[in-house]
Amino acid sequence: MESFFVRYRNLVVLLAILMAQIAGLAVQVRRSSTGTNTLDPSDPSGVRLIRLWGNAIISPPERLIHGTKIGLGALWTDYINLRHVRDENQDLKKTVDRLRLEQAALLEDARQGQRLQALLGFQEKYIYTTVAAQAYGSSGSDYSHVFYIDKGAHDGLKPDMAVITADGIVGKVRDVFLHTAQVLAVNDATSGAGVILETTRIRGILKGDAVGHLEVVGVTADQRIQPGEKVLTAGGDLIFPRGLPVGVVERVVRDPDRDSFIDILVKPAAHLERLDEVLVITSTEPRFSPQEQQDLATSAAEQNAVPTAIKDQMKASEIMGEKLPGLIDPNLPPDQQPLHDTSNPNPAPPPPQPLHADEFSPGAATTPGAGTDTERAPKPQTTKPAVPHAAEDNGGPPQPAEVSKPQTTPQRNP
Amino acid sequence: MPLLSADSRRDMEIRSYPLLVYALVPLASLVLQAWLPRVVGRYDWFDLPLVITVYFALGRRSPIQGTIMGAGMGLFEDALSHHAIGVNGIAKTMVGFLAASVGIRIEVENQIVRLMLNFSLSLLSSVIYFFTYRFLLGLALEWSWLTELMRAVGNSLIAIVLFPLLDRLQMRE
Numbered sequence: 022m023e024s025f026f027v028r029y030r031n032l033v034v035l036l037a038i039l040m041a042q043i044a045g046l047a048v049q050v051r052r053s054s055t056g057t058n059t060l061d062p063s064d065p066s067g068v069r070l071i072r073l074w075g076n077a078i079i080s081p082p083e084r085l086i087h088g089t090k091i092g093l094g095a096l097w098t099d100y101i102n103l104r105h106v107r108d109e110n111q112d113l114k115k116t117v118d119r120l121r122l123e124q125a126a127l128l129e130d131a132r133q134g135q136r137l138q139a140l141l142g143f144q145e146k147y148i149y150t151t152v153a154a155q156a157y158g159s160s161g162s163d164y165s166h167v168f169y170i171d172k173g174a175h176d177g178l179k180p181d182m183a184v185i186t187a188d189g190i191v192g193k194v195r196d197v198f199l200h201t202a203q204v205l206a207v208n209d210a211t212s213g214a215g216v217i218l219e220t221t222r223i224r225g226i227l228k229g230d231a232v233g234h235l236e237v238v239g240v241t242a243d244q245r246i247q248p249g250e251k252v253l254t255a256g257g258d259l260i261f262p263r264g265l266p267v268g269v270v271e272r273v274v275r276d277p278d279r280d281s282f283i284d285i286l287v288k289p290a291a292h293l294e295r296l297d298e299v300l301v302i303t304s305t306e307p308r309f310s311p312q313e314q315q316d317l318a319t320s321a322a323e324q325n326a327v328p329t330a331i332k333d334q335m336k337a338s339e340i341m342g343e344k345l346p347g348l349i350d351p352n353l354p355p356d357q358q359p360l361h362d363t364s365n366p367n368p369a370p371p372p373p374q375p376l377h378a379d380e381f382s383p384g385a386a387t388t389p390g391a392g393t394d395t396e397r398a399p400k401p402q403t404t405k406p407a408v409p410h411a412a413e414d415n416g417g418p419p420q421p422a423e424v425s426k427p428q429t430t431p432q433r434n435p
Numbered sequence: 053m054p055l056l057s058a059d060s061r062r063d064m065e066i067r068s069y070p071l072l073v074y075a076l077v078p079l080a081s082l083v084l085q086a087w088l089p090r091v092v093g094r095y096d097w098f099d100l101p102l103v104i105t106v107y108f109a110l111g112r113r114s115p116i117q118g119t120i121m122g123a124g125m126g127l128f129e130d131a132l133s134h135h136a137i138g139v140n141g142i143a144k145t146m147v148g149f150l151a152a153s154v155g156i157r158i159e160v161e162n163q164i165v166r167l168m169l170n171f172s173l174s175l176l177s178s179v180i181y182f183f184t185y186r187f188l189l190g191l192a193l194e195w196s197w198l199t200e201l202m203r204a205v206g207n208s209l210i211a212i213v214l215f216p217l218l219d220r221l222q223m224r225e
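Here's what the structure looks like:
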């Protein structure tokens, strides 16, 4: 037995290591309800430990190299390559002055927009707190578009937080370590984000393909989608706030798997392959400054004043209605209703009599077997006046929808 | 390609390196593999841990050492990704074992031989990765054979440059 292991020790070691890894893989895969295998999104403790070790060993030298590169770049740009800085400084000062004026105008618009959205009970979330982070490493594999940032649980990061740049969305936090975090980029094949096309308002799911290109899938064929249209986040995935730029439509191709669907290839707004500084959205709950809260309270008071104004208008219309002649007066017999008033020199002509009256003829009652047209006509007592004061007399609110009911043609029937 | 008989195996040179080289070179390959794509903007041009695995497996001519090194490198790569841990591990375990087994039988000093070995072992690694992911685990995987071909070519070119440099690090008696 001993000689067997000695003789085939190479194969034995190979098989042992392979079997150990296969057993480890079996722990990580789950059978979904649809019958397909999926990776367990929450890493088992052993797997997480391996990721933690890998990150702990690789990250420090990686950050060192990245820091050195940034330092050398800063040394060059800040101390050596300073040509044209004076001219550039002058230009920048002018730009700052111009932007300050623009900012003042935009700030007012933004405040007004926020107030209005808050008044309307707008449920979409805003970005309120972000954490700036430096992207320093990747998985090193094109089948796993993840990268690492130098902020982690210590800085308040949690899984599924959105990661963006000033240009557009980048990805979401997948795994958080103490001082670092792994971010799943939007161009990964396993990624997914709800997006909407800006002008056509067509929704779809953003994901990456085999080579890391962005595409919107799950879209039915539509001729209106043209290259150049902007793609924004739709806000329905509970990760990315609504309205963040994603990219622009590059071209549209047919979905190879489904006939009536198309894939929209998107040119990303952010430079996904060469990220440097990113922002992690750590809070999207609406938070207003004291001034904004005061403005909101004022606006809310104004909003409460709106129903009072409507009530005043209703009351005024009632008074006007009482002064005007109604079509039906419940206190008068049918032959003395205002419609039968012969004092009008140009009375409205009665509708022509049908040759063969049926249940659809004007004035016909809906009840089968009813008597004559006169009998079918609604009784005056059941009708309501043309003005809503009757409803108010009963103590109920005015109901304009019921006001129009009495204006029925049976009253015009002879 | 000169084939070696079983008797000549004992006479072949088994390269040895300072202990620091065994630790730092694989670590450097892992770090660079994770860092360089962010600088050059491409992921699919090279697989430095694979090249290093092949180099040490060929140089040491020990299937067990090649197997262990391949497994270690693959597991580290898996740990940095968001995929299952062990897929790269299995692929590189096989590559390390095969590279060492081939190194016993053929002369691997020739540059053409090194180039061909790296090319074929890179493709083999891709095939094993694909097989493991798609058929063993039954997971969906977006795959591009063109990318794998490009990576195999990139690994071969890197090996031609890197192997002579690493040869300088070996201990001479």
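So the sequences go chain by chain: C and F. Per this note's numbering, the first sequence starts with residue 22, numbered consecutively. Per this note's numbering, the second sequence starts with residue 53, numbered consecutively. Positions of the beta carbon are idealized from the N, C-alpha and C atoms, including for glycine.
{"query": "For Ala-75 of chain F, which residues in chain C fall below 8 Å Cβ to Cβ?", "result": "Within 8 Å Cβ-Cβ: nothing; Ala-75 of chain F doesn't reach chain C, min ~11 Å."}
{"query": "Which of the three DSSP states is assigned to Pro-266 of chain C in this structure?", "result": "strand"}
{"query": "Determine the chain F residues that contact Trp-74 of chain C at a beta-carbon separation under 8 Å, and present them in chain order.", "result": "Ala-131"}
{"query": "Strictly under 8 Å for the Cβ-Cβ distance: is Gly-138 of chain F near chain C by that measure?", "result": "yes"}
{"query": "For the alpha helix (DSSP H) containing Glu-298 of chain C, name the first residue and the last one.", "result": "Glu-298 of chain C -> not in any alpha helix (DSSP H); beta strand (DSSP E) instead, spanning 298-304."}
{"query": "Return yes when the Cβ of Arg-295 of chain C is within less than 8 Å of the Cβ of Ala-171 of chain C, no when it is not.", "result": "The question names Ala, but residue 171 of chain C is Asp in the sequence shown. Not closer than 8 Å, so no."}
{"query": "Give the straight-line distance between the Cα atoms of Gly-39 of chain C and Ala-131 of chain C, rounded to the nearest whole angstrom.", "result": "The residue asked about is misnamed: residue 39 of chain C is Leu in this sequence, not Gly. Spanning the two alpha carbons is a distance of roughly 60 Å."}
{"query": "Which partner residues of Arg-52 of chain C appear in the DSSP bridge assignment?", "result": "C:Asn-58"}
{"query": "Just to confirm before moving on: does the CB-CB distance between Arg-72 of chain C and Asp-61 of chain C stay below 8 Å?", "result": "no"}
{"query": "With a cut-off of 8 Å, do at least 3 Cβ pairs link the segment 131-143 of chain F to the segment 109-117 of chain F?", "result": "no"}
{"query": "For Pro-277 of chain C, report the span of its beta strand (DSSP E) as first-last.", "result": "Per DSSP, Pro-277 of chain C belongs to no beta strand (DSSP E) and is neither H nor E."}
{"query": "Would you please verify whether the beta carbon of Gln-155 of chain C is less than 8 Å from any beta carbon of chain F?", "result": "no"}
{"query": "Helix, strand or coil for Ile-436 of chain C per DSSP?", "result": "Look at the range of chain C in this structure, 22 to 435, and you will see that residue 436 of chain C is not part of it."}
{"query": "Note down, in chain order, all residues in the segment 289-305 of chain C with a beta-carbon under 8 Å from any beta-carbon belonging to chain F.", "result": "Glu-294, Arg-295, Leu-296"}
{"query": "What residue ranges within the segment 100-183 of chain C form continuous beta strand (DSSP E) runs of no fewer than 3 residues, ordered along the chain?", "result": "150-159, 167-170"}
{"query": "Can you tell me which of the three DSSP states Arg-28 of chain C falls into?", "result": "helix"}
{"query": "Of all the CB atoms in chain C, is at least one closer than 8 Å to the CB of Thr-199 of chain F?", "result": "yes"}
{"query": "Going by DSSP, what residue range makes up the alpha helix (DSSP H) through Arg-224 of chain C?", "result": "From DSSP, Arg-224 of chain C is part of no alpha helix (DSSP H) but of the beta strand (DSSP E) over 224-229."}
{"query": "Excluding the five sequence neighbours on either side, which residues of its own chain have a C-beta within less than 6 Å of the C-beta of Met-121 of chain F, listed in chain order?", "result": "Thr-105, Phe-108, Gly-148"}
{"query": "Which residues does DSSP list as the beta-bridge partners of Thr-254 of chain C?", "result": "C:Val-216"}
{"query": "By alpha-carbon positions, which one of C:Gly-92, C:Ser-66, C:Phe-25 ends up nearest to Gly-45 of chain C?", "result": "C:Ser-66"}
{"query": "What residues from the segment 230-256 of chain C come within 9 Å of chain F, judged by C-beta to C-beta, listed N to C?", "result": "Asp-230, Ala-231, Val-232, Gly-233"}
{"query": "Please state whether DSSP places Ala-202 of chain C in a helix, a strand or coil.", "result": "strand"}
{"query": "Hey, Gly-126 of chain F and Ala-143 of chain F: beta-carbon distance below 8 Å or not?", "result": "yes"}
{"query": "Taking only three categories from DSSP, how would you classify Glu-271 of chain C?", "result": "strand"}
{"query": "Just checking: is the beta-carbon of Ala-145 of chain F within a distance shorter than 8 Å of some beta-carbon in chain C?", "result": "Checking the sequence shown, residue 145 of chain F turns out to be Thr, not Ala. At least one chain C Cβ lies under 8 Å of Thr-145 of chain F."}
{"query": "Check the C-beta distance from Leu-199 of chain C over to Ala-174 of chain C and give it rounded, since I have them as a contact under 8 Å.", "result": "6 Å"}
{"query": "At least one CB of chain C closer than 8 Å to the CB of Ser-196 of chain F: is that the case?", "result": "yes"}
{"query": "Tell me whether the segment 180-190 of chain C and the segment 230-245 of chain C touch, counting them as touching only if at least three CB pairs, one residue from each stretch, are closer than 8 Å.", "result": "no"}
{"query": "Return the CA-CA distance between Leu-128 of chain C and Gly-249 of chain C, expressed in angstroms with no decimal places.", "result": "29 Å"}
{"query": "Check the Cβ-Cβ distances between Phe-25 of chain C and every residue of chain F, and say whether any is below 8 Å.", "result": "no"}
{"query": "Using a Cβ cut-off of 8 Å (strictly closer), state whether Ala-86 of chain F contacts chain C.", "result": "yes"}
{"query": "Per DSSP, which one or two residues make a beta bridge with Pro-70 of chain F?", "result": "None; Pro-70 of chain F has no bridge partner."}
{"query": "Hey, how far is the Cα of Arg-157 of chain F from the Cα of Ala-151 of chain F?", "result": "10 Å"}
{"query": "List the whole-angstrom C-beta distance separating Asp-163 of chain C from Thr-199 of chain F, where the pair is believed to meet the contact cut-off of C-beta under 8 Å.", "result": "6 Å"}
{"query": "Looking at C-alpha atoms only, which residue of C:Ile-78, C:Lys-115, C:Arg-52, C:Asp-243 is the closest neighbour of Val-274 of chain C?", "result": "C:Asp-243"}
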